[in-house]
Amino acid sequence: MMQKSHKETRSSVHIEKAEWLLAEAVRLHSHADFGENPVLEHVLTSVFLFGCQFSKGNHHATRFRLREAITLAETMGLDDPQTYENISRDEKNRRLRTFLCLTVIHRVYAIQRDSPINDYLLTSSRLHIVRTTLNQLSTNFGQPDEKVIAGLGYMVDLIDFVDSTFVKCWRNQCWNEATPTHISAKTVSTLLQRYTEPMSTRESPNDAQRADVLVTRHWICHILWDLGSRHGFLQAENAVVQMRPDYALTIAHDSIETCESLDMTSLECHGVGLVEKLYDIVTSAITATQPTGFGPAMPHLSSAPGIQDRNAVLAWPVGSVIEPALNQGEGSTWDEEIVCPKITPCLADFVNRFLVVFASFRGGKHPYLRPYMRMLCDLDLV
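If you want the numbering used here, it's the position in the sequence shown, counting the first as 1, plus 7.
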């Protein structure tokens with residue numbers, strides 16, 4: 008009875024093999040002049056190492072590998088249209104896709120962790136130029152992976168507003184300024200409505216990309232709602248339902264509905280980052296119902312604004328990339344019902360369903376199952 012099961016032994020062997028492959032990748036990724044003349048494989052390897060370290064929970068190493076990937080991409084000029092003039096169509100396609108993927112990863116990670124963001128590399132206008140070029144390549148030459156490229160475009164739409172100003176506000180650093188400049192209630196409301204509109208498209212992505220896009224979309228709504236909560240923008244009788252204190256329940260309800268419509272393989276292929284997003288969403292919903300009031304779902308966001316700070320100027324500084332992003336007019340495109348239900352759900356409608364997903368996701372072998380179970384034990388659903 009005390010012996011390890013065959014399944015546990017196989018899992019241990021797989022982990023050891025993965026660690027060996029990771030060490031080998033690091034060894035091959037290093038040499039005396041590394042970084043002087045990078046190629047696309049160097050960028051992709053750094054992104055791979057970033058993902059491995061993120062899954063292991065080594066976030067200092069994670070941030071290092073992400074910065075490394077971004078630096079290599081800048082050195083190659085992946086954001087510079089001139090570098091694409093004398094290369095083959097296939098290589099151009101690979102570079103553009105890598106740039107967009109790296110941009111999405113960089114912005115999402117900047118929200119998830121205390122990671123700096125490169126505004127020059129990732130401005131909204133440059134991002135959409137790259138995306139347009141990639142779409143033209145796909146349309147003109149009939150790429151076989153057109154659905155993959157379409158899914159990448161949806162991810163870009165989800166994060167095109169994220170810049171250093173937004174990230175500063177998300178981390179509560181805006182309250183520390185002599186003259187605080189915050190995100191405006193109008194901006195939060197506009198973005199929330201943008202990301203809760205139904206999506207429709209001619210070409211739906213594959214199941215794995217569909218899972219990533221939809222869960223990330225719900226998570227972005229959680230981020231915006233939580234930001235509005237901490238800035239005092241939410242009101243129970245607000246005409247915009249997304250700007251009400253109980254809208255966190257709707258976000259959580261829609262999220263679990265999405266997860267249950269997908270097979271577990273499609274969720275698991277995105278790693279622990281996806282289950283972290285779900286944990287943030289449901290934690291925010293639970294927190295919103297507690298008598299102590301609203302609080303951030305992410306542990307590193309603990310500072311709360313003072314009442315006197317509520318009178319600060321609520322506008323983006325001149326030159327910010329967020330307003331152009333809001334005015335792009337590129338409405339969301341997807342044939343998916345992500346609309347708020349007529350009746351606001353209650354916690355009992357979904358908290359146990361999240362538990363099922365957390366327990367099933369990689370057999371519960373991730374950092375979020377036990378904290379969530381402890382949270383449920385302290386929860387009064389009566």
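For each residue, glycine too, the CB sits at the ideal point set by N, CA and C.
From a predicted model like this one, the values you see are computed outputs, not experimental measurements.
Query                                                                                                                                                                 : Result
Over the uninterrupted alpha helix (DSSP H) stretch that includes I227, give me the two end residues.                                                                 : D214 to R237
Using 8 Å as the Cβ pair cut-off and three pairs as the minimum, do the stretch 72-88 and the stretch 105-115 touch?                                                  : yes
Quick check on M206: buried or exposed, where buried means 16 or more other Cβ atoms within 10 Å of its Cβ?                                                           : buried
Which word fits V363, buried or exposed, when buried means at least 16 other C-beta atoms lie within 10 angstroms of its C-beta?                                      : exposed
Ends of the alpha helix (DSSP H) at L376?                                                                                                                             : L376 to C384
Can you tell me where the alpha helix (DSSP H) holding R359 begins and where it ends?                                                                                 : In the sequence as displayed, the identity of residue 359 is Asn instead of Arg. Where N359 is concerned, the enclosing alpha helix (DSSP H) stretches over V358 to S367.
Out of H21, G158 and T78, which one is the CA nearest neighbour of P123?                                                                                              : T78
Ordered along the chain, which non-local residues of its own chain (more than five positions away) have a Cβ less than 6 Å from that of T223?                         : L165
If you reduce the DSSP assignment to three classes, tell me which class N277 lands in.                                                                                : Sequence check: residue 277 is His here, not Asn. H277: coil per DSSP, three-state reduction.
Just to confirm, is the Cβ distance from S268 to I288 under 8 Å?                                                                                                      : no
Ignoring anything shorter than 4 residues or poking outside the stretch 63-138, list the alpha helix (DSSP H) runs there in chain order.                              : 66-83 and 96-119
Kindly give me the distance between the Cβ atoms of A295 and L256, rounded to whole angstroms, as I take these residues to be in contact under 8 Å.                   : 7 Å
Please identify the residue among R72, R377, C384 and H49 whose C-alpha is closest to the C-alpha of C59.                                                             : R72
With DSSP as the reference, label H49 as helix, strand or coil.                                                                                                       : helix
Report the three-state DSSP secondary structure of C353 (helix, strand or coil).                                                                                      : coil
Using only alpha-carbon positions, find the residue among A80, K372, V358 and P352 that is nearest to C5.                                                             : Outside the shown range of the chain (8 to 389) lies residue 5, about which nothing can therefore be said.
What does a CB cutoff of less than 6 Å around C176 pick up in its chain, not counting 5 residues either side in sequence?                                             : H189 and I190
Measuring from the CB of N213, is there a heavy atom of the ligand FMN at a distance below 7 Å?                                                                       : Here there are no bound small molecules, and the ligand FMN is not part of this structure.
Does DSSP classify R251 as helix, strand or coil?                                                                                                                     : coil
Following the continuous alpha helix (DSSP H) through T172, name the residue where it begins and the one where it ends.                                               : S171 to W177
Once the 5 residues before and after H277 are set aside, which same chain residues still bring their CB inside 7 Å of it?                                             : A218 and D219
Would you say N213 and K154 are within 8 Å of each other, going by their C-beta atoms?                                                                                : yes
Just to confirm my understanding: we take A192, look at its own chain, exclude 5 residues before and 5 after, and list those with CB closer than 8 Å. What are they?  : G235, H238, F240, M250 and L321
Is the beta carbon of S62 sitting closer than 8 Å to the one on V247?                                                                                                 : no
In this structure, does DSSP put E26 in helix, strand or coil?                                                                                                        : helix
Considering only the alpha carbon of each residue, which of Y286, H229, D40 and Y161 lies closest to R381?                                                            : Y286
Between Y375 and the rest of its own chain, which residues show a CB-CB distance below 7 Å, the 5 nearest in sequence each way excluded?                              : V282, E283, Y286 and F365
Evaluate V54 with the Cβ neighbour count: other Cβ atoms within 10 Å of its Cβ, from every protein chain shown; 16 or more gives buried, anything less gives exposed. : buried
Quick check on DSSP: helix, strand or coil for F168?                                                                                                                  : coil
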